[in-house]
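Position one of the sequence shown corresponds to residue 396 (our numbering), numbered consecutively onward.
No residue lacks a Cβ here, since even glycine has one placed at the ideal position from N, Cα and C.
None of these values were measured; they are calculated from a predicted model.
In what follows, a structure is listed as structure tokens, so that the remarks can point back to it.
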Amino acid sequence: MTATATPVVLPSDWRDFFALTKPRVMSLVIFTGLCGLLAAPEGINPVIGFTAILCIALGAGGAATLNQWWESDLDAGMKRTAQRPLPAGRLAHGDALTFGIILSVGSVIVMGLAVHWLAASILAISILYYAVIYTIWLKPRTPQNIVIGGGAGAFPPMIGWVAVTGEITAMPILLFAIIFMWTPPHFWALALFVQSDYAKVGIPMMPVVKGEASTRRQILIYAVLLLPFVIAPWWIGGTGAIYGIVALVLTLAFIALSVPVATRRAVEGDSMKPEKRLFGFSILYLFALFAALVVDRFVSPLWNL
């Protein structure tokens, strides 16, 4: 375990516990989970649907809390994360661990009792994937941590879909695959302009271990490989033309923004505008893509698209 005790714990409040859940990341988790639930071909009782999304949110928050509990000493060494509640000394490590376990275990139990145990099982796997496989095993050991660990953030739309249908079919698997393939270019764009932080604490992120040139090439490769995955739901008839056209346009834009990132060489003092632009667009991309999935679900049947 890498977490170390903090000598002095400053007064904390609910905002510190909320910060442990990584609310910005959770917003994307909630949104994609909700889109998976709404895009499913069957209906669901609104109360059950709300409960499913709440459990997804709590599970994600619990996993994020356990991640920060384990990595608190690493967070203390990075400028980007030094002011998080644990490295800043605003929370005791034991309190964070208890909070993370309660959220994680509670979300799975409620999901199982209120929705069904298949969705709860996938939620449990997603929590373990992020808190154990990615955080403890992959992240400190291999530059492929984001590639393999991308599965951690890819579960929410699958869970949302399965919460409605009660079965795992091609569509929820494709939704998982889309986020899985999106994660490396999204995260490596960020890693390019914060790589000094990772290098300082010894985390083997791709730019640190393989260098910028290799990372930039792989960003473009993954952006191109993403295209067949985002179009596949349309190809198999799981969506209509609205989703298909939006997915195609968005992904071509993603690839276009990846090209200058892949072909340039940053110099000291560089503002890294192409990398920051790609990172910002990648977040907008996922929101827009999954929003199109939901719009397509309700509009395409009306227009026979």
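With fewer than 16 other Cβ atoms from the protein chains shown falling within 10 Å of its own Cβ, residue 679 counts as exposed.
Note on geometry: alpha-carbon atoms of residue 466 and residue 635 lie some 43 Å from one another. Between residue 612 and residue 575, the alpha-carbon positions lie close to 18 Å from each other.
Between the C-alpha atoms of residue 621 and residue 419 there is a straight-line separation of about 24 Å.
In this structure, DSSP gives residue 466 a state outside helix and strand, which the three-state scheme calls coil. Distance check between residue 535 and each of 436, 487 and 600 places 600 closest, using alpha-carbon atoms only. Residue 440 is classed as exposed because its beta carbon has fewer than 16 other beta carbons within 10 Å across all chains shown. Distance check between residue 684 and each of 672, 658 and 638 places 638 closest, using alpha-carbon atoms only.
For the pair residue 493 and residue 461, the Cα-to-Cα distance works out to about 9 Å.
Residue 506 and residue 514 have their C-alpha atoms spaced approximately 7 Å apart. With contact defined as three or more Cβ pairs closer than 8 Å, the region 494-502 and the region 431-438 are not in contact. A direct Cα-Cα distance of roughly 12 Å separates residue 695 from residue 632.
In this structure, the straight-line span from the alpha carbon of residue 425 to that of residue 689 is close to 14 Å. In the DSSP assignment, residue 501 falls within the unbroken alpha helix (DSSP H) covering 488-509.
Counting C-beta pairs with one atom in each stretch, the region 586-598 and the region 665-673 have three or more that are closer than 8 Å, which means they touch. Sequence-distant Cβ neighbours of residue 435 in its own chain, meaning closer than 6 Å and more than five residues away, are 556, 559 and 560.
A direct Cα-Cα distance of roughly 15 Å separates residue 473 from residue 484. Here the alpha carbons of residue 652 and residue 533 stand approximately 28 Å from one another. In the displayed model, residue 675 falls within a helix according to three-state DSSP. Taking residue 427 as the centre and dropping the five residues before and after it, the same chain places the C-beta of 551, 552 and 685 closer than 6 Å to its C-beta, in chain order.
Counting of Cβ neighbours within 10 angstroms places residue 470 among the buried residues, the total reaching 16 or more.
Distances from the CA of residue 544 to each of 562, 422 and 521 were compared; the closest alpha carbon is that of 521.
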